[in-house]
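Those letters in the sequence shown? Residues 463 to 663, by the working numbering.
Every residue gets a Cβ at the ideal spot worked out from N, C-alpha and C, and that includes glycine.
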Amino acid sequence: MNSNYIAVLTNNHNFYQFLDLLLFNISLKRINDFQSLINDEDCIAFVGDSLCYEDLQKVEKNINKPVILLSSSLDYKENFLNFYYKFPRFISKQNFINKEFNDLYRLNTDTYFSIEKHSIITKNQSHPLTNLEFRLIYYLLKNRGKVISVDSLIDRLDLMTPSSLYVCVKKLRDKIEENSDSPSLLVYLKNKGYYLNIDSN
């Protein structure tokens, strides 16, 4: 298993989640201090927001790993583009759209997921997500391309029974599917689990 990761220094939780979704091929580690990781061979780069500028400058003088500063004065789309040019091989950028909100992730032509707003946007309508619904879609997006078993989702979401997961899935489908009775986005494979069928073209 690949143990490489990118160290992220930020107090902005939404920003960290945004990076976490973008970099689905590599792990992130949110930290408070860069100094202890300078000689960690598994750490391949440091990322911080503008509030960490002085800390990043100190680290940059002592190591030969990439050190990336993403200004907190920029919107999420601009931050993403800056990061993309540094790490293009880790990121699938085509699903991120800069429309009414700055952090929309395109699930299909008419459906978007907003990390910052904790909501689903469909045809100019906003559908707020509960904490559980947000955690479900976030986890499936983080593991896009994979089928996640029912047991794994129950454990991840701290649920007690498959019926509890089913209720959450049904409510989320009502918000993201054009026809929740015949789902095309949040798909269940019999005896295997759930996955997000995302259009990435």
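The beta carbon of residue 507 is closer than 6 Å to those of 468, 527 and 528 in its chain, skipping five residues each way along the sequence. The beta carbon of residue 622 sits closer than 8 Å to those of 616, all from its chain and outside the five residues before and after it, given in chain order. For residue 590, the enclosing beta strand (DSSP E) covers residues 587 to 590.
For residue 629, the secondary structure class from DSSP, reduced to helix, strand or coil, is helix.
Residue 571 is bridged by DSSP to nothing; it lacks a bridge partner. Residues 577 and 600 of the same chain have their beta carbon placed closer than 8 Å to that of residue 479, with the five preceding and five following residues left out of the count.
A buried status is given to residue 637, since no fewer than 16 other beta-carbon atoms sit within 10 Å of its beta-carbon. Just so you know, the alpha carbons of residue 634 and residue 595 end up roughly 6 Å apart. Per DSSP, residue 606 is not a residue of any beta strand (DSSP E), being assigned neither H nor E. The C-alpha of residue 644 lies about 42 Å from the C-alpha of residue 511. A residue is called buried once 16 or more other Cβ atoms fall within 10 Å of its Cβ, and residue 509 is buried on that count. If the five residues before and after residue 584 are omitted, its C-beta is found closer than 7 Å to the C-beta atoms of 572 and 573, all from its own chain and listed in chain order.
When only Cα atoms are considered, residue 612 and residue 626 end up about 11 Å apart.
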